[in-house]
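Engineer:
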Amino acid sequence: MTEMVFGAVPVREGEPILPRWWRTIDRWSMACVLLLFGVGMLLGLAASPPLAARNGLDPFHYVQRQAFFGCLALTVMFLVSMMSPLVIRRLGVIGAILALAALMMLPFFGTDFGKGAVRWFSLGFASVQPSEFLKPGLIVISAWLMAASQEIHGPPGKSLSFGLVLAVVGLLALQPDFGQACLVLFGWGVMYFVAGAPFTLLTGMAGLVVAGGTIAYNSSQHFARRIDGFLSPDIDPRTQLGYATGAIREGGFFGVGVGEGQVKWSLPDAHTDFIIAVAAEEYGLILVLCIIILYMTITVRSLMRLIRERDPFIRLAGTGLACTFGVQAIINMGVAVRLLPAKGMTLPFVSYGGSSLIAGGILVGMLLALTRTRPQGEIGDILLRSRR
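Take a look at the structure:
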């Protein structure tokens, strides 16, 4: 009866890991991820040759790198999705500690690549952005602390996780990277809400975010410049937002045609932050809607599978990972259509970027691992545990 209600799949003794993984994984979400990567490669063929020409490189230099990092990211995603929740928790804790240490070293050894924000370590042949790898680990360790706080005589996990998130937000603000800071705070807030946060506390947090944004606007020229550009009634057609909005408007419903777009010749970040503008110009609203549906499918299906999950850690961590993944996509596309200020955030699995692709593979791999169908135990066992 429990399996009929909750959809659990019984464990078969001695079953090899691959058949068990294939039987319990959310194959629809996995297919959507593969389609997003395919769309990213298609758009990379259109968006990256102009940048390669400006830098004196082979026309498909960035496409080849995206294919390499993308295949590596998908391999990581498949491997992580086979892990148990216990291993996911350990991986998240270790990853969060390493990424946090790297984030603390950015002011001393990082570089900004002329973009006004010190977010990367330059390795010569490649660059690493620690904040991308910090997100999945931070979500997992916060979910672990919150779940532990729900146990009898458990630690003050919610307070500890809040202090950890505030420290991370402070480090991100120093770069400055307010986009990632807001995304991290949002992911934590969603988990805190699911864990049973009082409404007054959430309202107070919203007030703190507004106060923090006001302070950042008055103290950071980088942040103020982006907010002023967003609030300005007129769009300078020579800015990135101007080029992007013009390309989206020109694309219409069906686009101007494959390879016929012009925005890729003007936008320096056409292959990363504004890849959706290339999609809208060359393929029109049709492809943009398909991309949105793919992200919605992954996020909604993951949340629906987590509804029937009884383990607090799995439920909280999965919710945080799914919402962070979906909101990052919303932020990237919202910036391109000027619904949000410029954030410098990639479109998961579609934009070019080694750190973004591999970190996205880790995040989605964790999400697929936590949303795998598993036995939930008998209802009587749950009732007995609640009485102890």
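In the numbering used here, the protein residues as written are 1113 to 1500. For each residue, glycine too, the CB sits at the ideal point set by N, CA and C.
Would the beta-carbon of Ala1451 fall within 8 Å of that of Ala1185?
Structural biologist: One-based indexing of the sequence shown puts residue 1451 at position 339. One-based indexing of the sequence shown puts residue 1185 at position 73. Strictly speaking, residue 1451 in this sequence is Leu, with Ala absent from that position. No. Outside cutoff.
Engineer: Is Leu1482 helix, strand or coil when you go by DSSP?
Structural biologist: The residue labelled residue 1482 in the question sits at position 370 within the sequence shown. Three-state result, Leu1482: helix.
Engineer: What separation, rounded to the nearest whole angstrom, lies between the Cα atoms of Gly1316 and Ala1429?
Structural biologist: Stepping through the sequence shown from its first residue, residue 1316 is reached at position 204. Stepping through the sequence shown from its first residue, residue 1429 is reached at position 317. Taking the straight line joining both Cα atoms gives about 23 Å.
Engineer: Starting from Val1175, trace the alpha helix (DSSP H) both ways and give me its first and last residue.
Structural biologist: Numbered from its first residue, the sequence shown carries residue 1175 at position 63. His1173 to Ser1193 is the extent of the alpha helix (DSSP H) around Val1175.
Engineer: Just how far apart, CA to CA, sit Ser1467 and Gly1182?
Structural biologist: For the purposes of this step, residue 1467 is taken as the residue at position 355 of the sequence shown. For the purposes of this step, residue 1182 is taken as the residue at position 70 of the sequence shown. Near 10 Å, if we compare the C-alpha coordinates of Gly1182 and Ser1467.
Engineer: For Phe1233, list the residues DSSP reports as bridge partners.
Structural biologist: In the sequence shown, the residue the question calls residue 1233 occupies position 121. Bridge partners of Phe1233: Val1240.
Engineer: Among Ser1378, Thr1136, Ala1391 and Phe1305, which one has its Cα closest to the Cα of Pro1162?
Structural biologist: Position 50 of the sequence shown, counting from 1, holds the residue named residue 1162. Nearest of Ser1378, Thr1136, Ala1391 and Phe1305 to Pro1162, Cα basis: Ser1378.
Engineer: Measure the alpha-carbon distance for Thr1483 versus Ser1331 and round it to whole angstroms.
Structural biologist: In the sequence shown, residue 1483 corresponds to position 371, counting from 1. In the sequence shown, residue 1331 corresponds to position 219, counting from 1. Using only the alpha carbons, I get a separation of about 42 Å.
Engineer: Counting Cβ pairs, one atom from each stretch, are 3 or more of them under 8 Å apart for the stretch 1215 to 1232 and the stretch 1275 to 1291?
Structural biologist: Judged by Cβ distances under 8 Å, the stretch 1215 to 1232 makes contact with the stretch 1275 to 1291, as three or more pairs qualify.
Engineer: Measuring alpha carbon to alpha carbon, tell me which of Glu1244, Thr1187 and Pro1460 ends up nearest Leu1212.
Structural biologist: In the sequence shown, the residue the question calls residue 1212 occupies position 100. The option with the nearest alpha carbon to Leu1212 is Glu1244.
Engineer: Within 10 angstroms of the Cβ of Lys1227, are there 16 or more other Cβ atoms? Answer buried if so, exposed if not.
Structural biologist: Reading the sequence shown from its first residue, position 115 is the one you call residue 1227. It counts as exposed.
Engineer: On the CB-based measure, 16 or more other CB atoms within 10 Å of its CB, does Glu1263 come out buried or exposed?
Structural biologist: On the sequence shown, residue 1263 is found 151 positions in, with the first residue counted as 1. Glu1263 is exposed by the Cβ-count criterion.
Engineer: Can you find the residues in the same chain that come closer than 6 Å, C-beta to C-beta, to Arg1132, ignoring five residues on each side of it along the sequence?
Structural biologist: Within the sequence shown, numbered from 1, the residue matching residue 1132 stands at position 20. Closer than 6 Å at Cβ, skipping near neighbours: no residue.
Engineer: Would a C-beta distance cut-off of 8 Å place Met1142 and Leu1480 closer than the cut-off?
Structural biologist: Mapped onto the sequence shown, residue 1142 falls at position 30. Mapped onto the sequence shown, residue 1480 falls at position 368. Yes.
Engineer: Could you spell out the range, first to last residue, of the alpha helix (DSSP H) harbouring Leu1452?
Structural biologist: Along the sequence shown, one-based indexing puts residue 1452 at 340. Taken as a continuous stretch (DSSP letters only), Leu1452 belongs to no alpha helix (DSSP H), as it is neither H nor E.
Engineer: In chain order, what are the residue ranges of uninterrupted alpha helix (DSSP H) at least 4 long that sit wholly in the stretch 1251 to 1307?
Structural biologist: The qualifying runs are 1269 to 1286 and 1290 to 1306.
Engineer: Could you check the C-alpha separation between Arg1177 and Val1252 for me, to the nearest Å?
Structural biologist: Locating residue 1177 in the sequence shown gives position 65, counting from the first residue. Locating residue 1252 in the sequence shown gives position 140, counting from the first residue. Between Arg1177 and Val1252, the C-alpha separation is close to 29 Å.
Engineer: To test your reading of the DSSP string, which unbroken alpha helix (DSSP H) runs of 4 or more residues are found completely within the stretch 1190 to 1224?
Structural biologist: Counting whole runs of 4 or more residues, the stretch 1190 to 1224 contains the alpha helix (DSSP H) stretches 1197 to 1221.
Engineer: Give a yes or no on contact between the stretch 1355 to 1367 and the stretch 1314 to 1329, applying the rule of three or more CB pairs nearer than 8 Å.
Structural biologist: The stretch 1355 to 1367 vs the stretch 1314 to 1329: no contact.
Engineer: Assign Phe1366 to one of two classes, buried (16 or more other C-beta atoms within 10 Å of its C-beta) or exposed (fewer than that).
Structural biologist: Here residue 1366 corresponds to residue number 254 of the sequence shown, with the count starting at 1. Phe1366 comes out exposed.
Engineer: So, Ala1159 versus His1383, is the Cβ gap smaller than 8 Å?
Structural biologist: Within the sequence shown, residue 1159 is the residue found at index 47, counting from 1. Within the sequence shown, residue 1383 is the residue found at index 271, counting from 1. In contact: Ala1159 and His1383 (Cβ atoms closer than 8 Å).
Engineer: Go to Val1321, then tell me how far its alpha helix (DSSP H) extends in each direction, as first and last residue.
Structural biologist: The sequence position of residue 1321 within the sequence shown is 209, counting from 1. First-last of the alpha helix (DSSP H) with Val1321: Phe1311 to Ser1331.
Engineer: Under three-state DSSP, which class holds Asn1444?
Structural biologist: Within the sequence shown, numbered from 1, the residue matching residue 1444 stands at position 332. Looking at Asn1444 - three-state DSSP - the assignment turns out to be helix.
Engineer: Any contact of the stretch 1271 to 1281 with the stretch 1223 to 1237, i.e. 3+ C-beta pairs under 8 Å?
Structural biologist: Because the criterion of three Cβ pairs below 8 Å is not met, the stretch 1271 to 1281 and the stretch 1223 to 1237 do not touch.
Engineer: Taking its Cβ as the centre, do 16 or more other Cβ atoms sit within 10 Å of Leu1215, making it buried, or is it exposed?
Structural biologist: Within the sequence shown, the letter at position 103 stands for residue 1215. Buried, because 16 or more other Cβ atoms sit within 10 Å of the Cβ of Leu1215.
Engineer: So, for Tyr1464: in the same chain, excluding its five sequence neighbours on each side, which residues have a beta-carbon less than 7 Å away from its beta-carbon?
Structural biologist: Position 352 of the sequence shown, counted from the start, is the residue given in the question as residue 1464. Gly1156, Ser1160, Tyr1174, Gln1178, His1383 and Thr1384, listed in sequence order.
Engineer: Return helix, strand or coil for Ser1378, following the three-state DSSP convention.
Structural biologist: Sequence index remark: in the sequence shown, residue 1378 carries index 266 (1-based). Of the three classes helix, strand and coil, the one that applies to Ser1378 here is coil, per DSSP.
Engineer: Excluding sequence positions up to five away, which residues of its chain have a Cβ less than 6 Å from the Cβ of Pro1128?
Structural biologist: The residue you call residue 1128 lines up with position 16 of the sequence shown. Cβ neighbours of Pro1128 beyond the five flanking positions: none.
Engineer: For Pro1487, count the other beta carbons within 10 Å of its own beta carbon; 16 or more makes it buried, fewer makes it exposed. Which is it?
Structural biologist: As a position in the sequence shown, residue 1487 is number 375, starting the count at 1. Exposed is the call here.
Engineer: If we ignore side chains and look at the alpha-carbon of each, how far apart do Gln1440 and Ser1239 end up?
Structural biologist: Counted from its first residue, the sequence shown places residue 1440 at position 328. Counted from its first residue, the sequence shown places residue 1239 at position 127. Their backbone Cα atoms lie some 21 Å apart in a straight line.
Engineer: What did DSSP end up calling Thr1136 once you bin it into helix, strand or coil?
Structural biologist: If you number the sequence shown from 1, residue 1136 lands on position 24. Here Thr1136 sits in helix by DSSP.
Engineer: Starting from the C-beta of Thr1458, find all residues in its chain whose C-beta is less than 7 Å away, skip the five residues before and the five after it, and write them out in chain order.
Structural biologist: Locating residue 1458 in the sequence shown gives position 346, where the first residue counts as 1. So the qualifying residues of the chain are Thr1384, Asp1385, Asn1444, Gly1465 and Ser1468.
Engineer: At what residues does the alpha helix (DSSP H) containing Leu1406 begin and finish?
Structural biologist: Counted from its first residue, the sequence shown places residue 1406 at position 294. Its alpha helix (DSSP H) spans residues Ile1387 to Ile1419.
Engineer: Taking the straight line between their C-alpha atoms, what separation do you get for Phe1172 and Gly1150?
Structural biologist: Position 60 of the sequence shown, counting from 1, holds the residue named residue 1172. Position 38 of the sequence shown, counting from 1, holds the residue named residue 1150. Between Phe1172 and Gly1150, the C-alpha separation is close to 16 Å.
Engineer: On the CB-based measure, 16 or more other CB atoms within 10 Å of its CB, does Glu1372 come out buried or exposed?
Structural biologist: If you number the sequence shown from 1, residue 1372 lands on position 260. By the neighbour-count rule (16 or more Cβ atoms within 10 Å), Glu1372 is not buried but exposed.
Engineer: Rounded to whole angstroms, how far is the Cβ of Val1375 from the Cβ of Met1189, which I believe are closer than 8 Å?
Structural biologist: Start at 1 with the first residue of the sequence shown, and residue 1375 comes out as number 263. Start at 1 with the first residue of the sequence shown, and residue 1189 comes out as number 77. Going by Cβ atoms, the distance from Val1375 to Met1189 rounds to 30 Å, so no, they are not a contact pair.
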